[in-house]
Amino acid sequence: MFSTPAVALYALLANGLLATCQFSPAESLAAQFSLTTSTSLPFPTQTLSTNDAQSYLTSNWGLSKGRVQNNPDDLAFIADPFPTKPAPGSTTSSGNGSVLAVTYAADAFASTNSGSQFYSLLNTTDGSKFNSMLLTYEVAFDADFPFVKGGKLPGLRGGPQIDGCSGGDAANGTNCFSTRLMWRKSGQGEVYAYIPSSSSLCKDSNVLCNQDGFGTSIDRGSFSFVPGQWNRVTLLVQLNDASGSANGQVQLYYNNVLALKQQDLVYRTTSDVDIGGLYFSTFFGGDDSSWAPSQTTHSYFRNFQFYGSSASSNLTSTSAATSAISSISMERLFSVFIAVGAVLLAGEFF
Ligand SMILES: *[C@@H]1O[C@H](CO)[C@@H](O)[C@H](O)[C@H]1NC(C)=O
Ligand SMILES: *[C@@H]1O[C@H](CO)[C@@H](O)[C@H](O)[C@H]1NC(C)=O
Ligand SMILES: *[C@@H]1O[C@H](CO)[C@@H](O)[C@H](O)[C@H]1NC(C)=O
Ligand SMILES: *[C@@H]1O[C@H](CO)[C@@H](O)[C@H](O)[C@H]1NC(C)=O
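Per numbering that gives the first Met the number 0: the sequence shown = residues 0 to 349.
In structure tokens, the structure reads:
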């Protein structure tokens with residue numbers, strides 16, 4: 000009598016496991032989300048010290064304002080420090096041999112003194128705007144990297160306020176958004192988003208909303224960065240309908256395995272906010288000395304690739320009407336189904 004539901008639940012269980020463990024390289028994710036426009040950032044064929052690195056970035060990486068905004072002297076192109084330590088499951092190497100190295104000064108914190116920041120604008124040939132984008136890149140940290148309390152890592156940003164949605168400058172739906180990554184204590188990873196916050200979002204147990212206009216931490220510790228080797232991160236951002244319905248989403252894949260997925264997001268309430276490009280932002284902090292490393296240290300970046308589309312998310316919001324059911328409670332419901340399925344299976348077959 001249970002055989003039909005047991006079979007159905009078994010299928011659900013099998014699909015759930017597959018979805019969780021599936022190895023998803025960026026190209027296949029891009030195809031899955033119909034992100035047909037792609038580009039990558041070029042790297043120089045030789046190493047470049049700071050001044051030349053700055054000229055190279057200015058000429059080749061489409062910098063907003065035509066310059067590196069914070070601490071250009073902390074950037075250089077160097078030889079791959081981890082040539083025998085690729086990201087697990089990855090076959091890519093350093094395209095032209097060089098990688099972008101960032102120096103974080105000892106005792107320094109916040110973007111004005113630590114690491115570096117710039118905004119690389121991505122353009123379409125036909126002038127259309129990006130409303131969905133997959134960004135993938137590789138990052139490595141010195142083997143003895145002191146993670147301290149945390150720091151920023153590159154992500155995406157967009158909107159007419161090109162300096163906003165960073166440094167405590169809040170997102171309000173019409174100005175901008177940003178979705179960077181952060182490392183936290185012991186290398187724990189998260190998506191750190193400047194998006195309008197809502198009570199349903201902040202109630203979600205995977206989400207930490209900050210006060211005073213700072214960013215929202217999504218699923219801290221859902222993956223961890225490993226120092227002394229390459230790590231691949233792949234970030235999917237699909238903006239919500241410009242009408243403001245809560246159907247936007249973010250997903251993060253760590254070494255090509257899904258680490259976090261947050262849906263029912265509102266990034267914007269107007270089509271003036273779209274996805275502008277790469278927000279290269281990395282520094283220790285936080286905004287006080289408790290975030291600073293006691294030694295000078297480094298991170299390294301390579302293989303920035305982008306897959307975009309002018310289509311925004313086509314998901315159906317589960318929270319717009321009721322705001323009661325978040326995607327996470329749907330996932331919990333799903334786990335309950337899996338548990339029930341397992342019990343039914345056990346009863347049926349063992
Ligand atoms: C939503 O978008 C995905 C990815 O482009 C596509 O495969 C799917 O068919 C779309 N669904 C609907 C209902 O349009
Ligand atoms: C390698 O360098 C050449 C010449 O500067 C450039 O055209 C090309 O885009 C670079 N390739 C990569 C993968 O960075
Ligand atoms: C994209 O367009 C902006 C604004 O016109 C420009 O500053 C930037 O250099 C362009 N980016 C690239 C990669 O060409
Ligand atoms: C959103 O922020 C921008 C920039 O700070 C400001 O000009 C605008 O008036 C704000 N809009 C709302 C609805 O608060």
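Where a beta carbon is used, it is the ideal one built from N, C-alpha and C, also for glycine.
Keep in mind it's a predicted model, so treat the numbers as computed, not measured.
(request) For the alpha helix (DSSP H) holding Lys202, just list the boundary residues, first then last. (result) Ser198 to Lys202
(request) Between the Cα of Gln248 and those of Ser223, Pro145, Ser63 and Ala310, spot the shortest distance and give me the residue it belongs to. (result) Ala310
(request) Closer than 6 Å by C-beta to Pro159: which residues in its own chain qualify, once you throw out the five before and the five after it? Chain order, please. (result) Asp271
(request) Name the two residues that bound the continuous alpha helix (DSSP H) containing Leu28. (result) Ala25 to Gln31
(request) May I ask you to check if the CB of Gly163 is nearer than 7 Å to at least one heavy atom of ligand 4? (result) yes
(request) Can you say whether Val204 is buried or exposed, counting buried as having 16 or more other CB atoms within 10 angstroms of its CB? (result) Residue identity check: residue 204 is Ser in the sequence provided, not Val. Burial call: exposed.
(request) Would you identify the three-state DSSP class for Trp60, choosing helix, strand or coil? (result) coil
(message) For ligand 1, I want to know if Ser33 counts as a neighbour, meaning its beta carbon is within less than 7 Å of at least one of the ligand's heavy atoms.
(response) yes
(message) Quick check: does the Cβ of Asn313 come within less than 7 Å of any heavy atom belonging to ligand 1?
(response) yes
(message) Nearest by alpha-carbon distance to Val411: which of Thr46, Pro87 and Asn255 is it?
(response) Since the first residue shown for the chain is 0 and the last is 349, residue 411 is missing from the structure and cannot be characterised.
(message) Which residues does DSSP list as the beta-bridge partners of Val98?
(response) Ile77
(request) Note down the Cα distance separating Ser308 from Glu26, rounded to an integer number of angstroms. (result) 14 Å
(message) Using the three-state DSSP reduction, which class does Ala192 fall into: helix, strand or coil?
(response) strand
(request) Using beta-carbon positions only, say whether Ala293 and Asp106 come within less than 8 Å of one another. (result) Here the sequence assigns Ser to residue 293, which means Ala is not the residue at that position. Yes.
(request) Compute the distance between the beta-carbons of Leu34 and Trp60, then report whether it is under 8 Å. (result) no
(message) Taking 7 Å as the cut-off, is the beta-carbon of Gly94 closer than that to any non-hydrogen atom of ligand 2?
(response) yes
(request) With a 10 Å radius around its C-beta and 16 neighbouring C-beta atoms as the bar for buried, classify Pro82 as buried or exposed. (result) exposed
(message) So, for Trp182: in the same chain, excluding its five sequence neighbours on each side, which residues have a beta-carbon less than 7 Å away from its beta-carbon?
(response) Phe146, Gly149, Gly150, Leu152, Gly188 and Phe224
(message) Taking only three categories from DSSP, how would you classify Ser293?
(response) coil
(message) Please tell me whether, using a cut-off of 7 Å, the distance from the CB of Thr44 to the nearest non-hydrogen atom of ligand 2 is below it.
(response) yes
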